[in-house]
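Step one of this worksheet: look at the structure below.
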Amino acid sequence: MNGVVKLVVALLAVALLASSTLFVVSETERGVKLRFGRLIEADIQPGLHYKVPFADQVRIFDARVLTLDATAASFFTIEKKRLIVDSYAKWRIADVEAYYKATGGVESVANSRLANRVNNGLRNEFGSRTLREVVSGERDALMRSITDELNATVLESLGIEVVDVRVKRIDLPDEVSSQVYRRMTAEREKEARELRSTGKEKAEVIRAAADRERTIELANAYRDAEQTRGDGDADAARIYAAAYQKDAEFYAFMRSLAAYKSAFSNKADVMLLEPDSDFFRYLNNQRGE
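Just so we're on the same page, the numbering used here is the position in the sequence shown counted from 1, plus 2.
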């Protein structure tokens, strides 16, 4: 029984010794080793490591890409227009030793110091650009410039690498919003007037071309109709002449019938003629005598 107790005590002692001498750094972490508060090993890579019990202390840091959600701040453009900018930055630890010495390994301290530098970078970039360039024209170029400038300083001073800086939202103060809105309205109205003017000009050109084509088509159609009508009248006259030459009496009779039909088609018409008029030639005698 005493042997079992001794074995358990020995196992517990071994486990306690192992827990105080061995430690593990995962793939998403980096660490530093301190001996009596003095840094003796920086940037401990992932894996199983050992330390001296009671003398060594290990600090583990998150090596993944972290997010700094900066507080919205006011910046002025080159036109002295105030903007309220809400931004964020993506960063990660690049130099573990420099990071620990600058921030003590406290993530909130790193975020605070990085936020100050991000705001300074945004202030400088916004101050050298117009409102239009900041809002739409050069947003990507502005973000790349800020990222490059930050990496030129924070990598050495804070031991971190800025992966990206982005603007989530840009708000305009009330005194600027109305002015910007009026200017945007005026620009859109000007653009609308130009488009309407261009449309009217094109419409007039199209309408004039259509009227010209219509006039030409009508003139050609009238010419062809008159030519066809003239040809028809000539053929009719020739046919009438040929018929008249074959039987002049029959031709005269048919012309008289046509005259009667035309004259008596309207009962309201009144005609004053002599009884022996040539008009009654075939009414008085079927032979026209």
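C-beta atoms are modelled at their ideal positions from N, C-alpha and C, and glycine is treated no differently.
Output the distance between the C-alpha atoms of residue i and residue j, rounded to the nearest integer angstrom.
i           : j           : result
residue 72  : residue 195 : 43 Å
residue 212 : residue 198 : 20 Å
residue 258 : residue 246 : 14 Å
residue 299 : residue 161 : This structure leaves residue 299 out entirely; the chain is present only between 3 and 291.
residue 174 : residue 81  : 14 Å
residue 202 : residue 237 : 51 Å
residue 56  : residue 136 : 55 Å
residue 224 : residue 183 : 60 Å
residue 265 : residue 226 : 33 Å
residue 254 : residue 260 : 10 Å
residue 34  : residue 169 : 34 Å
residue 171 : residue 159 : 29 Å
residue 27  : residue 43  : 14 Å
residue 230 : residue 220 : 15 Å
residue 240 : residue 256 : 16 Å
residue 232 : residue 200 : 48 Å
residue 209 : residue 243 : 50 Å
residue 215 : residue 141 : 52 Å
residue 205 : residue 228 : 34 Å
residue 150 : residue 111 : 22 Å
residue 39  : residue 154 : 30 Å
residue 23  : residue 54  : 6 Å
residue 207 : residue 235 : 41 Å
residue 63  : residue 96  : 11 Å
residue 222 : residue 193 : 43 Å
residue 185 : residue 92  : 35 Å
residue 25  : residue 146 : 40 Å
Report buried or exposed for residue i, applying the criterion of at least 16 other Cβ atoms within 10 angstroms of its Cβ.
i           : result
residue 180 : exposed
residue 217 : exposed
residue 76  : exposed
residue 79  : buried
residue 263 : exposed
residue 127 : buried
residue 252 : exposed
residue 100 : buried
residue 32  : buried
residue 133 : buried
Measuring CB to CB, does residue i end up less than 8 Å from residue j?
i           : j           : result
residue 102 : residue 70  : no
residue 30  : residue 74  : no
residue 120 : residue 157 : no
residue 58  : residue 98  : no
residue 123 : residue 148 : yes
residue 94  : residue 67  : yes
residue 144 : residue 131 : yes
With DSSP as the reference, identify every bridge partner of residue i, one or two as the case may be.
i           : result
residue 1   : The question about residue 1 has no answer, for the chain in this structure spans 3 to 291.
residue 163 : 94
residue 1   : The requested residue 1 is not part of the displayed model; the chain covers only 3 to 291.
residue 76  : 86
residue 1   : In the structure displayed, the chain extends from 3 to 291; residue 1 sits before or after that span and is not available.
residue 27  : 49
residue 173 : 86
residue 58  : 37
residue 168 : 90
At least three beta-carbon pairs within less than 8 Å, the region 179-189 to the region 158-166: In the pairwise beta carbon analysis, the region 179-189 is classified as not touching the region 158-166: fewer than three pairs are separated by under 8 Å.
Validate contact between the region 79-86 and the region 95-112 using beta carbons, cut 8 Å, 3 pairs: In short, these stretches do not touch, since the Cβ pair count stays below three.
Any 3 or more C-beta pairs closer than 8 Å across the region 47-55 and the region 114-134: In short, these stretches do not touch, since the Cβ pair count stays below three.
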